[in-house]
Amino acid sequence: MVCDEISASDLQVSTDSSGLRLPAVTAVVLAGQVLVWPLAVVLPVQDVVPITSYDTAGSFLLLGCNNGSIYYIDMQKFPLRMKDNDLLVTELYHDPSNDAITALSVYLTPKTSVSGNWIEIAYGTSSGAVRVIVQHPETVGSGPQLFQTFTVHRSPVTKIMLSEKHLVSGPFGERDDQQVFIQKVVPITNKLFVRLSSTGKRICEIQAVDCTTISSFTVRECEGSSRMGSRPRRYLFTGHTNGSIQMWDLTTAMDMVNKSEEKDVGGPTEEELLKLLDQCDLSTSRCATPNISPATSVVQHSRLRESSS
Numbered sequence: 534m535v536c537d538e539i540s541a542s543d544l545q546v547s548t549d550s551s552g553l554r555l556p557a558v559t560a561v562v563l564a565g566q567v568l569v570w571p572l573a574v575v576l577p578v579q580d581v582v583p584i585t586s587y588d589t590a591g592s593f594l595l596l597g598c599n600n601g602s603i604y605y606i607d608m609q610k611f612p613l614r615m616k617d618n619d620l621l622v623t624e625l626y627h628d629p630s631n632d633a634i635t636a637l638s639v640y641l642t643p644k645t646s647v648s649g650n651w652i653e654i655a656y657g658t659s660s661g662a663v664r665v666i667v668q669h670p671e672t673v674g675s676g677p678q679l680f681q682t683f684t685v686h687r688s689p690v691t692k693i694m695l696s697e698k699h700l701v702s703g704p705f706g707e708r709d710d711q712q713v714f715i716q717k718v719v720p721i722t723n724k725l726f727v728r729l730s731s732t733g734k735r736i737c738e739i740q741a742v743d744c745t746t747i748s749s750f751t752v753r754e755c756e757g758s759s760r761m762g763s764r765p766r767r768y769l770f771t772g773h774t775n776g777s778i779q780m781w782d783l784t785t786a787m788d789m790v791n792k793s794e795e796k797d798v799g800g801p802t803e804e805e806l807l808k809l810l811d812q813c814d815l816s817t818s819r820c821a822t823p824n825i826s827p828a829t830s831v832v833q834h835s836r837l838r839e840s841s842s
């Protein structure tokens, strides 16, 4: 393979992602910089606040930042401010709690009228909240409105996917494909549960072949062979505390579960959960000493009894 260098820029930070959106190549640096190469002409680096997430919708590049704002750049129009030759980065929405936007997914509804598309944006925050904002075609000038808020996570949301029928936080896979959810029940474990994100049905459970603790994981699709009719295969990669990487064939597991007529199983059963908890040290606490103070409701109840006697 022959690769030509497009450009070299002295960023002092690494380029975390890049995307091809005609008529320009855009590189997103999570430290807070956006670079654009239109027609092999290098523009100045655009400094913005630190970027914590991003997504694309049509010709729009959306950036979620650590100040709680969602910004966008219209790559089709490719606007430049004439006074300083900077990209026109426009604020689209600001989180009401000022939390960092840690995950972002945009869904454009199919055109149902001459007025255009509905724009639906789901985003996750550093506090664990998931919000959905929408913009009607008739109210393009007023910006999107908050539609729904979900507060079910106790840690930052790292991945989110919004489609026509589902909103899933933490899925792996393309929007139009069967997405999977990798469930790590306890922090220190050598076991993962793989489930369909749309229904929660269990695909399989995997356990480290050498019983080492799983410290990280990701799902990737690899191109199949050059034979006629071959399709990409999906693999789960797990990183372990001993420095090893293990690879699991999810395509075979998904084919088997789709053909199976057994009763659907979701997350861990009570027995499986107890086995997982047996491996955890439940004696650790954030407090230096146990809190032996009674609950407020107990104190109030005792005071009522004393006052009535």
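Numbering follows our numbering, in which position 141 of the sequence shown is assigned residue number 674; successive positions increment by one, without gaps. Don't be surprised by glycine CBs; every beta carbon is placed ideally from N, CA and C.
By DSSP, does LYS698 sit in helix, in strand, or in coil?
Looking at LYS698 - three-state DSSP - the assignment turns out to be coil, as it is neither helix nor strand.
Measure the alpha-carbon distance for THR658 versus HIS669 and round it to whole angstroms.
Computed Cα separation, rounded: 24 Å.
Where LEU695 falls, given that 16 or more other Cβ within 10 Å makes a residue buried
Per the 10 Å Cβ criterion, buried.
Could you tell me if LEU729 is buried or exposed, where buried requires 16 or more neighbouring beta carbons within 10 angstroms of its beta carbon?
LEU729 comes out buried.
Helix or strand or just coil, what does DSSP make of PRO670?
For PRO670, the secondary structure class from DSSP, reduced to helix, strand or coil, is helix.
Spatial neighbours of ILE654 in its chain, beta-carbon cut-off 6 Å, leaving aside the 5 residues before and after
Closer than 6 Å at Cβ, skipping near neighbours: VAL639, ILE666.
To which residues of the same chain is LEU596 closer than 6 Å at the C-beta, ignoring the five residues directly before and after it?
These residues qualify, in order along the chain: ILE584, TYR587, TYR604.
Between the segment 804-813 and the segment 718-726, do three or more beta carbon pairs fall short of 8 Å?
Contact between the segment 804-813 and the segment 718-726 is present, with at least three C-beta pairs closer than 8 Å.
Could you say which of LYS698, SER660, PRO677, SER675 lies nearest to PHE683 if we only look at CA atoms?
Taking only the C-alpha atoms, the option nearest PHE683 is SER660.
Could you round the C-beta distance between GLY776 and PHE750 to whole angstroms and report it? I think they count as a contact, below 8 Å.
Approximately 15 Å separates the beta-carbon atoms of GLY776 and PHE750; this is outside 8 Å, ruling out the contact.
Selection from PRO689, GLY591, ILE606 that minimises the alpha carbon distance to ILE652:
The shortest C-alpha separation from ILE652 is found at GLY591.
Using a 10 Å radius around the Cβ and a threshold of 16 neighbouring Cβ atoms, would you call THR785 buried or exposed?
Per the 10 Å Cβ criterion, exposed.
Determine the DSSP secondary structure at LYS724, reduced to helix, strand or coil.
In the three-state DSSP reduction, LYS724 falls in the strand class (E or B).
Which runs of the beta strand (DSSP E) fall wholly inside the segment 732-769 and span at least 3 residues, in chain order?
Counting whole runs of 3 or more residues, the segment 732-769 contains the beta strand (DSSP E) stretches 735-740, 747-755.
For ILE778, count neighbouring Cβ atoms within 10 angstroms of its own Cβ and tell me buried if that reaches 16, exposed if not.
That one is exposed.
Supposed contact pair VAL622 and ILE634 - C-beta distance, whole angstroms, cut 8 Å
Actually they do not touch by this definition, with Cβ atoms about 14 Å apart.
So if DSSP puts ASP710 in a beta bridge, which residue, or which two residues, is it bridged to?
Per DSSP, ASP710 has no beta-bridge partner at all.
Sorted by chain position, which residues of the same chain lie with C-beta nearer than 8 Å to TYR626's C-beta, five sequence neighbours on each side aside?
So the list reads SER602, ILE603, ILE654, ILE666, GLY676, PRO677, once near-sequence residues are dropped.
Pairwise C-alpha distance: ARG766 and ASP783
Before going on, a small fix: residue 783 reads as Leu here, not Asp. Their backbone Cα atoms lie some 8 Å apart in a straight line.
Span of the alpha helix (DSSP H), counted from its first residue to its last, around GLU803
Where GLU803 is concerned, the enclosing alpha helix (DSSP H) stretches over 803-811.
If you draw a straight line from the alpha carbon of MET608 to that of LEU594, how long is it in whole angstroms?
Going from the Cα of MET608 to the Cα of LEU594 covers about 7 Å.
Quick one: residues in its chain with C-beta nearer than 6 Å to the C-beta of LEU555, no 5 flanking neighbours on either side, listed in chain order?
Residue placement at LEU555 cannot be trusted, given a pLDDT of 35 that sits under 50; the coordinates are not used to answer.
Are any of the Cβ atoms in chain D nearer than 8 Å to that of GLU803?
Protein chains in the displayed structure number just one, and chain D is not present.
Exposed or buried, PRO704, counting other C-beta atoms within 10 Å across all chains shown (16 or more means buried)?
Result: buried.
Chain-order list of residues whose beta-carbon lies under 6 Å from that of LEU769 (same chain, five-residue window excluded)
Excluding residues within five positions, the ones whose Cβ falls inside 6 Å are VAL752, TRP781, LEU783.
N- and C-terminal bounds of the beta strand (DSSP E) containing MET608
Annotation: MET608 is outside any beta strand (DSSP E) and is labelled neither H nor E by DSSP.
For ARG664 and PHE680, the rounded distance between their alpha carbons
One alpha carbon belongs to PHE680, the other to ARG664, and they sit about 8 Å apart.
Roughly how many angstroms separate the alpha carbons of THR589 and LYS808, rounded to a whole number?
C-alpha of THR589 to C-alpha of LYS808: approximately 42 Å in a straight line.
What does the alpha-carbon distance come out to for the pair THR732 and THR802?
One C-alpha to the other measures close to 17 Å.
In whole angstroms, what separates the C-alpha of ILE715 from that of ILE739?
Whole-angstrom Cα-Cα distance: 10 Å.
I need the straight-line Cα distance from MET787 to ILE736, nearest angstrom please.
For MET787 and ILE736, the gap between their C-alpha atoms comes out near 6 Å.
Can you tell me whether LEU806 is buried or exposed, with buried defined as 16 or more other CB within 10 angstroms of its CB?
Exposed.
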